[in-house]
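Student: Residue numbers (my numbering): 82 to 304.
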């Protein structure tokens, strides 16, 4: 990316609540609809995000993300592009089970998957975090790459997908991904392109995380 070009921004937006979220049930690739709370969250968040005037909206093809994206499309007129690469972690045998049910039969594997970032094990025999990142990050970068300089791109996806994307785009070792707090339903993170300089290569910086408001100017010593 050229330093003379206006930086683009990437908004990673988690879908609204589903009944399975409320039940602490592993969703993965299971197609679960938004519940009434989730639909209300999507509408309220869309009204805020519309102020960013997104150049594009790209969404996971699962209905909970797709319907969240549709709320933003409705108020901006920007069409939604669907990309199955943005789906949540495929959870294998854990999908459809509550956390209590999973830990009753697979506690060690679950705890390793959730808490031991240095152990890249598949969730329920399904997908590893590295495999998740390998499909989610290219999808997000494809959306950014299709946008003009200075544009804001909204990618609507899932909690695990956002963490994998942020960790990868910030060039964090996977061991450190657990330091990235999870997104609440219908909250978002904002990243901005960072041009190359004599002191650092081109990359990304995190402007906002787990936000429900728009980025504010940073004043003072850290500006």
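For every residue, glycine included, the Cβ atom is placed at its ideal position computed from N, Cα and C.
Just so we're clear, the structure is a prediction, and the values are computed from it rather than from any experiment.
Give the secondary structure of residue 291 by DSSP, where H, G and I count as helix, E and B as strand, and everything else as coil.
Tutor: In this structure, residue 291 counts as strand in the three-state DSSP scheme.
Student: Given this structure, state the Cα-to-Cα distance separating residue 94 from residue 119, to the nearest angstrom.
Tutor: Cα-Cα distance, rounded: 13 Å.
Student: Tell me, which residues are paired with residue 284 by DSSP?
Tutor: Paired residue(s): 275.
Student: For the putative contact between residue 88 and residue 289, defined by C-beta atoms under 8 Å, what is the C-beta separation to the nearest angstrom?
Tutor: At roughly 15 Å, the Cβ-Cβ gap does not stay under 8 Å, so residue 88 and residue 289 are not in contact.
Student: For residue 240 and residue 194, I'd like the C-alpha separation in whole angstroms.
Tutor: Those two C-alpha atoms are separated by around 15 Å.
Student: Is the number of C-beta pairs between the segment 173-184 and the segment 140-151 that are closer than 8 Å three or more?
Tutor: Counting Cβ pairs under 8 Å, fewer than three are found: no touch.
Student: Please report the straight-line C-alpha distance between residue 42 and residue 135, rounded to a whole angstrom.
Tutor: A query on residue 42 cannot be resolved here, the shown segment of the chain reaching from 82 to 304 and no further.
Student: Are residue 216 and residue 245 touching if we call contact CB-CB under 7 Å?
Tutor: Not closer than 7 Å, so no.
Student: Can you give, in chain order, each stretch of the beta strand (DSSP E) that sits fully within the segment 170-253 and has at least 3 residues?
Tutor: Listed in chain order, they are 233-238.
Student: For residue 168, does the three-state DSSP call read helix, strand or coil?
Tutor: Coil at residue 168, not helix or strand.
Student: Can you tell me the Cβ-Cβ gap for residue 145 and residue 186, rounded? I've got them flagged as a contact below 8 Å.
Tutor: About 26 Å; that fails the 8 Å criterion.
Student: Use the C-beta contact count for residue 104: other C-beta atoms within 10 angstroms, 16 or more gives buried, fewer gives exposed.
Tutor: Counting Cβ neighbours within 10 Å, residue 104 comes out exposed, since fewer than 16 surround it.
Student: Helix, strand or coil for residue 91? Go by DSSP, reduced to three states.
Tutor: Strand at residue 91.
Student: Given residue 214, which residues of its chain have a CB within under 6 Å of its CB, disregarding the five upstream and five downstream residues?
Tutor: Only 245 and 249 meet the Cβ criterion.
Student: Give me, in chain order, the residues of the same chain whose beta-carbon lies closer than 6 Å to that of residue 191; leave out the 5 immediate sequence neighbours on both sides.
Tutor: Excluding residues within five positions, the ones whose Cβ falls inside 6 Å are 183 and 184.
Student: At which residues does the beta strand (DSSP E) containing residue 99 begin and terminate?
Tutor: Per DSSP, residue 99 belongs to no beta strand (DSSP E) and is neither H nor E.
Student: Looking only at its own chain, which residues have a Cβ that is under 6 Å from the Cβ of residue 293, when we skip the five neighbours before and after it?
Tutor: The residues are 268.
Student: Just to confirm, is the Cβ distance from residue 200 to residue 92 under 7 Å?
Tutor: No, Cβ-Cβ distance for residue 200 and residue 92 is not below 7 Å.
Student: Could you work out which residue in 102, 126 and 108 is closest to residue 237 when comparing CA atoms only?
Tutor: Taking only the C-alpha atoms, the option nearest residue 237 is 126.
Student: Work out the CA separation of residue 180 and residue 262 for me, nearest whole Å.
Tutor: Residue 262 and residue 180: Cα-Cα distance of roughly 19 Å.
Student: Thinking residue 132 and residue 156 are a contact (beta carbons under 8 Å), I'd like their distance in whole angstroms, please.
Tutor: In fact, because the Cβ distance is near 10 Å, the residues do not count as touching under 8 Å.
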